[in-house]
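Enquirer: Below are the structure tokens for one structure; questions will follow.
Numbering (the working numbering), first residue to last: 2 to 107.
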């Protein structure tokens, strides 16, 4: 193979320099992505806020008929739940050596 000529080396060098300068320009100028992201976030917050208000209005408009709790079928229901006793959670420091366990001093 022939070694590349001087003009090809120069052309490749110029192309590499242009690419490096373009990347550096977009990196240091910040580009337009952060502005777009800010706009998207504010639009997203507006949509979420509208959705929350809509759900809140739906919840406030709910009316529960309490006559259900006075029916004989509801009155005959029995609670069979079992109380779960409080159990110790564990050691205060799970990484501390166990008491009474031999430790090695190396």
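A virtual CB, placed ideally from N, CA and C, is assigned to each residue, including glycine. Bear in mind that the values here come from a model prediction, so they are computed numbers and not experimental data.
Closer than 6 Å by C-beta to residue 95: which residues in its own chain qualify, once you throw out the five before and the five after it? Chain order, please.
Expert: If you number the chain shown from 1, residue 95 lands on position 94. Same-chain partners within the cutoff: there are none.
Enquirer: In the structure shown, what three-state DSSP assignment does residue 15 receive?
Expert: Here residue 15 refers to the residue found at position 14 of the chain shown. Here residue 15 sits in helix by DSSP.
Enquirer: Whose C-beta lies closer than 7 Å to the C-beta of residue 102 among residues of the same chain, with five residues either side of it excluded?
Expert: Counting from one through the chain shown, the residue named residue 102 turns up at place 101. Around residue 102: no qualifying Cβ.
Enquirer: Mapping DSSP to helix, strand and coil, what is residue 96?
Expert: Position 95 of the chain shown, counted from the first residue, corresponds to residue 96. Of the three classes helix, strand and coil, the one that applies to residue 96 here is coil, per DSSP.
Enquirer: So for residue 90, helix, strand or coil by DSSP?
Expert: Along the chain shown, read from residue 1 onward, the residue named residue 90 stands at position 89. In the structure shown, residue 90 sits in coil (DSSP, three-state: anything other than H, G, I, E or B).
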